[in-house]
Amino acid sequence: MHDLMIPFGPAHPALPEPVYLKLFLEGEEIQDVDFSVGYNHKGIEKSLEEMDYIKSIFMAGRVCGICSSAHSTCYTQTVEKLLNIEIPNRARLIRTSIFELERLHSHLLWLGMFGHEMGFDTLFMLSFREREYVLDSLELITGKRVVHDINTIGGVRRDVSQETMSKVLKNLDILKDKVEHLQNLVEKDPIIKKRTVGIGKLDKKDVERLCLVGPVARASGIPYDIRKTDRYLAYDDLGFKIVVENDGDNFARTLVRIKEMLESIRLVKLAIKSIKPGIIKNKVVMNFPVDEAISRVEAPRGELIYYVKSNGSNKPARVKIRTPTYANILCLNKILVGHTLADVPVSLESLDPCLCCTDRLTVVRNGKEEIIKLEDLHGHH
Amino acid sequence: MKLPKELKNIGKFYKQGKNEAWFILPYENFKDVIKNIIDFGINRISSISGYDNGKEIEVIYHFVKDNFLLNLKVLVPKSLNKIDTLTDLLPATFLLEKELSEMLGIKIIGHPKPGKLFLSEDWYGKPPLRKG
Amino acid sequence: MVIIEVFFISIFLSFIYEGIIRKVAARMQNRIGPPIWQPILDFIKLLSKERFEVQNSNFSLVSFLSIISVIGLITIVFMFPFVGILNFNWDFILLIYLLVFSTACFILVGFSFPSPYPLIGSTREIILLLAYDFPLMIIILFFGINYQSIQFIPNNLILSFPLLFVSFLFITQAKVGLPPFNISEADQEIAASFLTECSGFELAMFNLAKSLKIFVMVSLTTIFFFNPPNIPMFFLTSLFVLFIGILLRVILARFRIDQGFKFLWIFLLPLIFIDIIKVII
Amino acid sequence: MFHVVIGCAGDNLIIDKIKKYCQKKSPWLFHYCAGGCNGCDIEILAAMSPKYDFERFGCLLKSSPRHADIFLVTGTVTKKTKKRLLNLYDQIPEPKVVIAIGSCGISTGIFQKAYSVAGPLDKILPVDVYVPGCPPKPEAMIDGIIKGVEILTKKGNK
Numbered sequence: 001m002h003d004l005m006i007p008f009g010p011a012h013p014a015l016p017e018p019v020y021l022k023l024f025l026e027g028e029e030i031q032d033v034d035f036s037v038g039y040n041h042k043g044i045e046k047s048l049e050e051m052d053y054i055k056s057i058f059m060a061g062r063v064c065g066i067c068s069s070a071h072s073t074c075y076t077q078t079v080e081k082l083l084n085i086e087i088p089n090r091a092r093l094i095r096t097s098i099f100e101l102e103r104l105h106s107h108l109l110w111l112g113m114f115g116h117e118m119g120f121d122t123l124f125m126l127s128f129r130e131r132e133y134v135l136d137s138l139e140l141i142t143g144k145r146v147v148h149d150i151n152t153i154g155g156v157r158r159d160v161s162q163e164t165m166s167k168v169l170k171n172l173d174i175l176k177d178k179v180e181h182l183q184n185l186v187e188k189d190p191i192i193k194k195r196t197v198g199i200g201k202l203d204k205k206d207v208e209r210l211c212l213v214g215p216v217a218r219a220s221g222i223p224y225d226i227r228k229t230d231r232y233l234a235y236d237d238l239g240f241k242i243v244v245e246n247d248g249d250n251f252a253r254t255l256v257r258i259k260e261m262l263e264s265i266r267l268v269k270l271a272i273k274s275i276k277p278g279i280i281k282n283k284v285v286m287n288f289p290v291d292e293a294i295s296r297v298e299a300p301r302g303e304l305i306y307y308v309k310s311n312g313s314n315k316p317a318r319v320k321i322r323t324p325t326y327a328n329i330l331c332l333n334k335i336l337v338g339h340t341l342a343d344v345p346v347s348l349e350s351l352d353p354c355l356c357c358t359d360r361l362t363v364v365r366n367g368k369e370e371i372i373k374l375e376d377l378h379g380h381h
Numbered sequence: 382m383k384l385p386k387e388l389k390n391i392g393k394f395y396k397q398g399k400n401e402a403w404f405i406l407p408y409e410n411f412k413d414v415i416k417n418i419i420d421f422g423i424n425r426i427s428s429i430s431g432y433d434n435g436k437e438i439e440v441i442y443h444f445v446k447d448n449f450l451l452n453l454k455v456l457v458p459k460s461l462n463k464i465d466t467l468t469d470l471l472p473a474t475f476l477l478e479k480e481l482s483e484m485l486g487i488k489i490i491g492h493p494k495p496g497k498l499f500l501s502e503d504w505y506g507k508p509p510l511r512k513g
Numbered sequence: 514m515v516i517i518e519v520f521f522i523s524i525f526l527s528f529i530y531e532g533i534i535r536k537v538a539a540r541m542q543n544r545i546g547p548p549i550w551q552p553i554l555d556f557i558k559l560l561s562k563e564r565f566e567v568q569n570s571n572f573s574l575v576s577f578l579s580i581i582s583v584i585g586l587i588t589i590v591f592m593f594p595f596v597g598i599l600n601f602n603w604d605f606i607l608l609i610y611l612l613v614f615s616t617a618c619f620i621l622v623g624f625s626f627p628s629p630y631p632l633i634g635s636t637r638e639i640i641l642l643l644a645y646d647f648p649l650m651i652i653i654l655f656f657g658i659n660y661q662s663i664q665f666i667p668n669n670l671i672l673s674f675p676l677l678f679v680s681f682l683f684i685t686q687a688k689v690g691l692p693p694f695n696i697s698e699a700d701q702e703i704a705a706s707f708l709t710e711c712s713g714f715e716l717a718m719f720n721l722a723k724s725l726k727i728f729v730m731v732s733l734t735t736i737f738f739f740n741p742p743n744i745p746m747f748f749l750t751s752l753f754v755l756f757i758g759i760l761l762r763v764i765l766a767r768f769r770i771d772q773g774f775k776f777l778w779i780f781l782l783p784l785i786f787i788d789i790i791k792v793i794i
Numbered sequence: 795m796f797h798v799v800i801g802c803a804g805d806n807l808i809i810d811k812i813k814k815y816c817q818k819k820s821p822w823l824f825h826y827c828a829g830g831c832n833g834c835d836i837e838i839l840a841a842m843s844p845k846y847d848f849e850r851f852g853c854l855l856k857s858s859p860r861h862a863d864i865f866l867v868t869g870t871v872t873k874k875t876k877k878r879l880l881n882l883y884d885q886i887p888e889p890k891v892v893i894a895i896g897s898c899g900i901s902t903g904i905f906q907k908a909y910s911v912a913g914p915l916d917k918i919l920p921v922d923v924y925v926p927g928c929p930p931k932p933e934a935m936i937d938g939i940i941k942g943v944e945i946l947t948k949k950g951n952k
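Residue numbers (my numbering), protein chains in the order written: chain A, 1 to 381; chain B, 382 to 513; chain C, 514 to 794; chain D, 795 to 952.
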């Protein structure tokens with residue numbers, strides 16, 4: 001019934017991270033998909049239980065290198081909820097600006113990879129060139145380009161000087177023009193449109209049924225954004241607009257992310273401008289009650305949830321992480337089957353899969369009848 | 382959003398926070414309760430957490446409606462060590478239940494594809510998050 | 514000894530052309546890029562690498578194909594007007610044959626490995642061959658009927674056949690496998706396509722064949738549409754043609770196979786027929 | 795094969811020098827994420843980008859291990875990737891160099907006690923160059939690659 005089985009990964013040029021897809025083809029058309037991740041599974045949830053609360057923030061930041069501060073923010077936020085403490089306003093604004101800068105870097109990275117999957121190297125190069133402005137700003141504020149360990153319980157670890165802020169604002173001004181240029185490029189390019197419009201369609205019903213999150217949900221017309229609903233950090237004060245597209249195809253997901261970038265630039269600018277002098281960290285008494293807490297943030301890829309249970313000691317008893325890609329990966333079958341092999345990298349990338357997040361666990365999932373096959377995962381070709 | 386009146390008696394209420402409510406559901410008929418909740422309109426499941434507290438395994442279903450989090454805890458006795466699946470009500474729990482089953486060693490009754498799936502193929506021994 | 518000179522000069526030039534493509538594309542993407550002679554370094558390095566004999570594959574066939582694909586392409590160089598080693602009426606037929614021949618070598622390589630990526634690469638190349646060779650053959654046969662031999666092509670045909678020139682540029686792009694027609698060599702979809710399992714000597718030879726293909730196709734475009742009177746003019750013109758190729762490579766994303774096919778037939782064929790019918794009437 | 799094609803005996807100095815130079819100037823890379831957090835992987839991509847551009851040293855990120863000279867491995871090696879990693883390593887033709895990128899690959903870093911980690915990279919593969927950092931900056935990676943190239947030429951001319 002299937003002409004050919006194609007292994008897609010774990011080592012595959014379209015994927016910077018290991019994932020294993022079995023694509024069952026008939027000609028070029030995909031009949032069925034079999035999916036397995038877990039090559040990145042290290043056992044972080046267990047390790048988190050063996051570290052004290054301060055140390056485990058750094059571990060949480062290393063669940064994923066791309067959305068590192070989303071993870072550590074969410075984790076600290078949950079622990080702060082557990083301790084029932086507030087953080088100073090200055091720290092809140094610094095966290096917000098780091099958070100949004102990270103979203104910018106993640107989305108620019110995504111746009112580059114998206115171009116790369118379509119064989120459009122120039123888009124990759126351009127978007128990585130512009131991304132350096134974001135990384136430079138992050139380096140100015142936190143001291144690191146990618147994994148920024150700036151959060152701590154009760155505030156942030158590093159202050160921002162006036163000079164840094166003006167430099168970051170200057171970078172953002174340049175970046176805004178560049179992102180608008182990229183938006184123009186993507187919206188007008190005929191081949192990008194040909195490759196993305198109408199491919200990998202997800203309608204509203206699918207999104208609701210599979211509980212998809214983040215830009216994937218927003219591209220299908222569902223205004224689901226934790227920044228709006230939960231009003232954590234400083235989003236409520238800054239005034240925030242949800243970006244929604246209605247088509248639900250790869251092109252809509254592209255547009256959502258590009259428009260979100262522009263929104264993020266606005267937010268960071270506003271956040272930095274409204275930083276007022278003050279302390280960056282409240283004094284915290286590490287006296288943990290026997291309790292549990294849950295909190296959410298909107299990571300670049302969607303809703304990220306941390307559940308922390310404490311048993312009174314200085315180590316968490318249980319940390320459960322639900323990452324956005326983990327929720328979104330369910331629709332893989334929906335968006336791949338029926339399209340051609342050439343659409344696989346593009347559609348896969350349009351979900352912005354972050355398998356490092358997902359691979360705290362392993363998943364094997366198949367489509368129609370949910371058949372799961374595990375044999376010869378290791379055979380090369 | 383506040384806790385709707387209709388949902389006040391679904392189980393043993395034990396904690397309330399800002400925009401969230403925590404319940405303990407009876408182990409026997411938790412699925413009926415969840416069915417009611419879904420019919421009521423809270424149909425987005427965000428996560429399933431599990432914790433081994435020594436005597437029993439706490440399974441917590443985190444439902445979301447807008448900004449309201451409804452957390453329903455089910456205590457699974459270790460002697461039984463099994464729980465009904467929700468995949469027929471919510472397809473999105475497919476992976477979450479799989480994770481629960483693998484990490485804590487609970488059997489999921491009625492799961493479309495149970496079985497050893499995560500970790501490396503040569504993983505033996507007790508589930509990683511199981512204590513004792 | 515002219516043959517040996519032409520042999521080495523064409524190999525050298527094809528490396529330089531490839532180097533120019535990489536360098537100019539890099540500059541267009543705001544990078545510094547490798548030196549122009551980079552492909553030569555790559556070639557010599559690959560020769561010094563270990564060769565893998567892949568299990569269950571017809572490996573001697575692969576080695577053989579890698580050599581004859583290079584030879585087949587160099588034979589085309591022998592037919593160029595100012596080289597003039599092969600020089601006879603109706604050499605256009607041989608030209609068509611040799612152009613398909615090198616592609617056929619690549620296709621066979623894909624089929625000689627027991628691996629799905631080369632297999633898909635080859636099937637895609639076959640479909641693409643059908644797509645671009647039909648317009649290509651029409652153009653070449655049209656020139657053949659008009660001028661009998663490559664030697665007799667007049668200067669500056671671009672003025673009388675501008676549409677043929679445009680179509681020939683796209684066909685060149687498809688023939689040499691540069692974006693937007695690098696469908697059969699799509700890294701992101703099917704790894705390194707037919708060359709996935711090649712290493713060392715075979716890889717070096719196939720890379721050489723690819724570079725030679727670029728050189729041959731660019732030179733053919735120059736000869737057909739400009740036919741410059743002397744060799745310096747020839748190089749200047751072919752660099753211009755090469756530049757257009759690089760521009761297309763840099764500014765366009767990759768087509769899907771069906772879109773590529775449609776583009777080559779539905780968009781290019783009418784263009785070609787407009788120019789041809791102009792002459793017939 | 796090299797000497798057969800160039801048509802020279804083994805100990806011709808000029809030919810050897812040319813060979814060494816070419817090996818030095820055209821390192822082709824193959825990248826595999828053996829279970830990292832993605833931080834290093836995106837920094838490798840950043841090293842390709844216009845600001846750092848490792849193609850000016852002749853580096854290319856190749857999609858098949860059979861084309862590669864240098865094997866870039868990021869991340870702690872998880873139990874699940876271990877076999878796969880060895881398989882990929884075997885497919886890279888000699889001479890080859892393995893570069894461990896990031897603290898995870900060097901010492902398993904923060905994931906030392908995690909249950910699904912198979913150990914640091916050098917317990918599994920012979921590692922030639924270590925690039926520390928979490929994640930290392932692209933400059934450091936390029937420096938590591940250049941150091942790897944030196945080792946590559948030594949290995950290729952034994």
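Just so it is clear, CB atoms sit at the ideal spot from N, CA and C, and this is done for glycine as well. Since the structure is predicted, the reported quantities are computational estimates derived from the model, not experimental observations.
Compare the C-alpha of residue i against each of the options and name the closest.
i	options	result
residue 226 of chain A	B/388, B/480, B/448, B/461	B/448
residue 903 of chain D	D/869, D/808, D/920	D/869
residue 857 of chain D	C/793, C/524, C/661, C/699	C/699
residue 471 of chain B	A/212, A/291, A/288	A/212
residue 493 of chain B	B/452, B/478, B/418	B/478
residue 741 of chain C	C/682, C/551, C/669, C/685	C/669
residue 69 of chain A	A/141, A/283, A/95, A/351	A/95
Looking only at its own chain, which residues have a Cβ that is under 7 Å from the Cβ of residue i, when we skip the five neighbours before and after it?
i	result
residue 508 of chain B	483, 484, 485, 486
residue 195 of chain A	118, 346
residue 716 of chain C	559, 708
Can you tell me whether DSSP reads residue i as helix, strand or coil?
i	result
residue 363 of chain A	At residue 363 of chain A the pLDDT is 31, less than 50, meaning the model places this residue with poor confidence and gives no usable figure here.
residue 596 of chain C	coil
residue 743 of chain C	coil
residue 754 of chain C	helix
residue 32 of chain A	strand
Provide the residue span of the alpha helix (DSSP H) that contains residue i, from first to last.
i	result
residue 129 of chain A	121–142
residue 327 of chain A	324–328
residue 950 of chain D	932–950
residue 618 of chain C	604–624
residue 875 of chain D	873–885
residue 74 of chain A	68–83
residue 237 of chain A	235–238
residue 41 of chain A	Note, residue 41 of chain A: premise wrong, no alpha helix (DSSP H); not H, not E.
By Cβ distance below 6 Å, which residues in the same chain neighbour residue i in space, the five residues on each side in sequence not counted?
i	result
residue 280 of chain A	90, 91, 155, 156, 159
residue 318 of chain A	309
residue 889 of chain D	946, 949, 950
Within its chain, find whatever has a CB closer than 8 Å to the CB of residue i; leave out the 5 residues flanking it on each side and keep chain order.
i	result
residue 833 of chain D	896, 928, 929
residue 598 of chain C	515, 516, 519, 591, 592
Quiz item: Quick one: complete alpha helix (DSSP H) runs, 4+ long, within the stretch 395–459 of chain B?
Solution: Counting only runs of 4+ residues, the alpha helix (DSSP H) found wholly inside the stretch 395–459 of chain B occupies 411–421, in chain order.
Quiz item: What runs of the alpha helix (DSSP H), each 4 residues or longer, lie entirely inside the stretch 246–318 of chain A?
Solution: The qualifying runs are 250–273.
Quiz prompt | Complete runs of the alpha helix (DSSP H) confined to the stretch 626–669 of chain C [at least 4 residues] | solution = Under the rule that a run must span 4 or more residues, the alpha helix (DSSP H) segments found entirely inside the stretch 626–669 of chain C read 629–660.
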